[in-house]
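Converting from the sequence shown to this note's numbering requires adding 2 to each position, the first position being numbered 1.
We put the beta carbon where it would ideally sit given N, CA and C, even for glycine.
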Amino acid sequence: MSEFPGWHGTTIVAVRRGGEVVVAGDGQVSLGQTVIKGTARKVRRLSPGGYDVVAGFAGSTADAFTLLERLEAKLEATPGQLARASVELAKDWRTDKYLQKLEAMLIVSDGRDMFVITGAGDVLEPEHDVAAIGSGGNFALAAARGLMEAELNAEDVARRAMAIAADICVYTNGNLTVEKISA
């Protein structure tokens with residue numbers, strides 16, 4: 003019996019520059035060697051209690067939505083405190099037997115702070131004002147870090163980094179969802 007082919011897809015990059023954060027994500031979802039969907043929306047704006055946060059996710063969609071719902075609840079309990087809500091989510095994710103099985107990663111930003119949240123209990127504030135996750139995340143991260151040397155705004159860096167990742171990673175396409183948020 004052959005093993006079920008793994009789902010692949012998603013490249014998310016976040017860039018902070020000039021008082022704003024831009025989170026961009028591609029739209030491709032692949033099953034093995036087949037593109038199942040090219041227009042998935044993996045970057046979302048959350049507004050719990052009128053407090054805006056942009057989140058991008060990689061991994062299982064159902065798992066990511068579960069985590070986004072939990073993050074919204076944490077933000078409602080701690081309005082305006084993205085760092086605290088992120089740490090609380092990571093603690094729950096690491097210790098709760100149900101949540102431990104979730105396979106996803108998140109990049110979240112409120113325009114001031116930017117974090118990568120993982121199921122290992124990590125809440126990472128990226129260096130160099132760039133973060134990336136997903137299948138093509140390392141390609142997008144390298145491209146964005148290099149592009150930060152140029153005189154480009156955050157959106158241009160994110161879009162160009164995603165284009166480079168899409169040219170290299172077969173699990174990344176050029177159909178982008180881009181969300182901007184200011185501090």
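Here the C-alpha atom of G61 lies approximately 9 Å from the C-alpha atom of I135. The criterion of a C-beta distance shorter than 8 Å is satisfied by L91 and L73. Within the stretch 91-138, not a single complete alpha helix (DSSP H) segment reaches 4 residues in length. Per DSSP, reduced to three states, the secondary structure at G27 is strand. For K76, the enclosing alpha helix (DSSP H) covers residues 63-79. In this structure, the CA atom of V89 is about 20 Å from the CA atom of R46. In the assembly as shown, I183 is a buried residue. Its beta-carbon has 16 or more other beta-carbons within 10 Å. With a 10 Å radius around the Cβ and a threshold of 16 neighbouring Cβ atoms, A79 comes out exposed. For R47, the enclosing beta strand (DSSP E) begins and ends at 45-48.
Taking a contact to require three or more Cβ pairs closer than 8 Å, the stretch 147-162 and the stretch 49-69 do not qualify as touching. If you look at A16, you'll find it in the beta strand (DSSP E) that goes 13-19. Relative to D115, the option among L84, V37, D158, V24 whose CA is nearest is L84. Following the DSSP letters along the chain, one finds E181 inside the beta strand (DSSP E) bounded by residues 179-184. Here D112 is buried, its C-beta having at least 16 other C-beta atoms within 10 Å. The continuous stretches of beta strand (DSSP E) do not include V159, which lies in the alpha helix (DSSP H) extending over residues 156-170. It is roughly 7 Å from the alpha-carbon of V25 to the alpha-carbon of A57.
Taking all protein chains shown into account, E129 has fewer than 16 neighbouring C-beta atoms within 10 Å of its C-beta and is therefore exposed.
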